[in-house]
Structure formats: structure tokens, C-alpha cells
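Beneath this line is the structure, given in C-alpha cells, with notes to follow.
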Amino acid sequence: MSIDVRSAQASLAEIDTVVARLKQSSFYRAASILMVVWGVLVAAGYIACAVLANRAFGIWLIVDGLGIAATLATGLYYRRVGVAFDWRIVVAVLLFFAFGAACSWMGHFGPRELSAFWPILFMFGYALAGLWLGRAFILVGVGVALLIFAGYLWIDRGFELYLAAVDGGGLVIAGLWMRRA
Amino acid sequence: MVKPDDIIHQPLRLRIMAALSAGNGTGQEFDFARLKSVTQASDGNLGAHIETLERANYIEIERGYRGRRPRMLVRATPQGLRAYKEHVAFLRSIIESGELP
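From first to last, the protein sequence lines stand for chains A and B.
Position in the first sequence (from 1) plus 935 gives the number in the working numbering.
Position in the second sequence (from 1) plus 343 gives the number in the working numbering.
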């Protein structure tokens, strides 16, 4: 068999493409698990808030604590099975929490504004991450953020339940879809 | 000098072996759907080339079920991993020498 330089270069480029695709696929798989977990937690959080509105702070403390624990556990699992997990994701999530907490405190938001602000903030995070990680994140981030914003403008009663469906449900569906990517 | 591997050099088989050989040099296990997604091959094409690699003893296939759905797991054999590594070394040597073999 005769292989010239150009053909060898093409073959190595083909390998690089597969490796890059594989990395993205592995990342999508880890991210998809987290999206489903966060989606379920967030939906449960909104439903709980709809029922126990005066306990919202405690509910979100529990939801966020469980979500962060799940994020750390997923990272540890993927590290154990030999798949690279970028720990900067955890730091990015914590930075978003800090930024959101600062804005919430300075902005003196009402309950409705707070309910809309947090998921929109995180959806912008998804969209931003998508610039590096892939279009799926941009679609999820921008799509869900727009739906939340539309709900904030036009849905009065049952806004928490709408958020449970759009934010929580959106994350679950996006996670399952990304798993197939 | 390392030699080219006729079986692995075919573009889709090269992509399959590149995917299966990824990881810490020990290879990775893939189900058919994920391998299809990573190599961007059609069902028929992927199936045919998987058979060729299996016949060469470069990969092994585990057929089973996940729930009610049939599932095919594909992984590289030690012989396949070695052959892939040697073929990549050959490709690199071609580029480094810049001449036809």
C-alpha cells in the first residue's frame, strides 16, 4: 500500500476530528446528566414554592444544595471512570450563584422578579458556555430564557408552575436530547 | 520501520479505531449508536466495517439487551489497539520524513 504525505495528513486530521467529536460527546453526556438532575430539582423547587410560598428561601437553599452536591458527585464519578471533567464548571456555577445573590440583594426584587431572575441568569450562563461548548447549550439557554421572560410578562397566576414546566421541564428535555448527541 | 495497516487505513475503519482507542491508551467501550454518532457513519456502512475489524480480531463485539432493546457493545482488542498505534506511528513517520514509502 502506498500512502503519500497528503494522505497521511488527511488520515491524522480525520483522527483529530474523531477525538474532538468524542470529547464533545463525553462532555455532553456528563452535562446531560446534570441538566436532568437540575431540571428535576428546579421543577420540584418551583412546585414547592407554589404550595409553600413563605418558605421559598429554605426551599431554594435545599434545592441548590442538592444540585451542587449532585454536580460534585457527577464530577467525581466521571473522574473515577477516566472521563475528563472540567472542574471550572463547578467554579462557574458558584460564581453565577455569587453574582445572582449580589444582584438579588442590591436589586430589591419582589418574589416574582426573583423567580424569573434566577433561571434567566443561569440560562444566559448556558448560552455563554455554548459559545465554547457547542450550539446545543446556546439553543437551550436562549430558548428557555425567552420562555421565562415571556411568562414573566404575560402569565400572572400560576407563574411558579409555569416556571416548573419551562425551566425544570426544559432542562430535563434538553438533557435527554443532549444525551443522544 | 513500522508499516501501514491496510485494514485500519480505510477512512471509516480509521475513525472507528480512533474512537475505540481513545481514553488512557486502554481503549473505550461504545454502544453502536454512540459509535455511529462519533464516526458519523450510516448504520449499514458502520455495520460492514465493524465486521471487517472483528474478522481481523481488532475489535470484539458483545451482543445483548438493554431492557427489551438489543444492544451491541464494541471495544478494541489489545491486538487492535497495538495495530492502531502502529498505524498512527506510521502516518506520523510519513509526514516527518516527507517522502513516499
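Ideal Cβ positions, reconstructed from N, Cα and C, are used throughout, including at glycine.
Just so we're clear, the structure is a prediction, and the values are computed from it rather than from any experiment.
Compare the C-beta of residue i with all C-beta atoms of chain B and state if any pair is closer than 8 Å.
i	result
V954(A)	yes
S946(A)	yes
A1080(A)	no
Since residue i meets chain A, which of its residues come closer than 7 Å, beta carbon to beta carbon?
i	result
A362(B)	V953, L957
G390(B)	Going along chain A, no residue has its Cβ under 7 Å from G390(B), so there is no contact; the nearest lies around 18 Å.
Output, in chain order, the set of chain B residues within a Cβ distance shorter than 8 Å of residue i.
i	result
S960(A)	R377, S380, V381
So residue i contacts chain A; which residues on that side make the cut at Cβ distance below 8 Å?
i	result
V417(B)	Correct list: empty, because the minimum Cβ distance to chain A is about 14 Å.
Quick one: does residue i have its CB under 8 Å from some CB of chain A?
i	result
A432(B)	no
G407(B)	no
S441(B)	The amino acid occupying residue 441(B) in the given sequence is Gly; Ser does not appear at that position. Yes, G441(B) counts as interfacial toward chain A.
A365(B)	yes
P444(B)	Residue placement at P444(B) cannot be trusted, given a pLDDT of 47 that sits under 50; the coordinates are not used to answer.
Report yes if the CB atom of residue i is closer than 8 Å to the CB atom of residue j, and no otherwise.
i	j	result
F1031(A)	G1060(A)	yes
F975(A)	L1111(A)	Contrary to the premise, residue 975(A) reads as Val rather than Phe in this sequence. The answer is no: Cβ separation not under 8 Å.
A419(B)	L363(B)	yes
V1028(A)	T1006(A)	yes
V1077(A)	A1062(A)	yes
A1064(A)	F1072(A)	yes
I938(A)	I437(B)	yes
L1098(A)	S1039(A)	no
D374(B)	R414(B)	yes
V954(A)	A426(B)	no
In chain B, what lies closer than 7 Å to residue i by C-beta?
i	result
E1142(A)	A question about residue 1142(A) goes unanswered here, because the residues of chain A that appear run from 936 up to 1116.
A943(A)	L434, I437, I438
How far does the beta strand (DSSP E) with residue i in it extend, from its first residue to its last?
i	result
P413(B)	412-419
R1070(A)	Where R1070(A) is concerned, there is no enclosing beta strand (DSSP E), although the alpha helix (DSSP H) it sits in stretches over 1070-1089.
I938(A)	Per DSSP, I938(A) belongs to no beta strand (DSSP E) and is neither H nor E.
G1045(A)	Note, G1045(A): premise wrong, no beta strand (DSSP E); not H, not E.
R314(B)	This structure does not reach residue 314(B), given that chain B is present from 344 up to 444, and the question cannot be answered.
Just to make sure I have the definition right: I need the residues of chain A whose C-beta is within less than 9 Å of the C-beta of residue i. Which are they?
i	result
L357(B)	S946, E949, I950, V953
What residue range is occupied by the uninterrupted alpha helix (DSSP H) comprising residue i?
i	result
P347(B)	First-last for P347(B): undefined, no H or E at that position.
V1101(A)	That residue, V1101(A), is in no alpha helix (DSSP H); it is neither H nor E in DSSP.
E397(B)	386-398
R377(B)	375-382
R1092(A)	No alpha helix (DSSP H) contains R1092(A), which DSSP labels as neither H nor E.
A362(B)	354-364
What are the uninterrupted segments assigned as alpha helix (DSSP H) that are 4 or more residues long and contained completely in the stretch 980-1035 of chain A, given in chain order?
You should have 991-1015.
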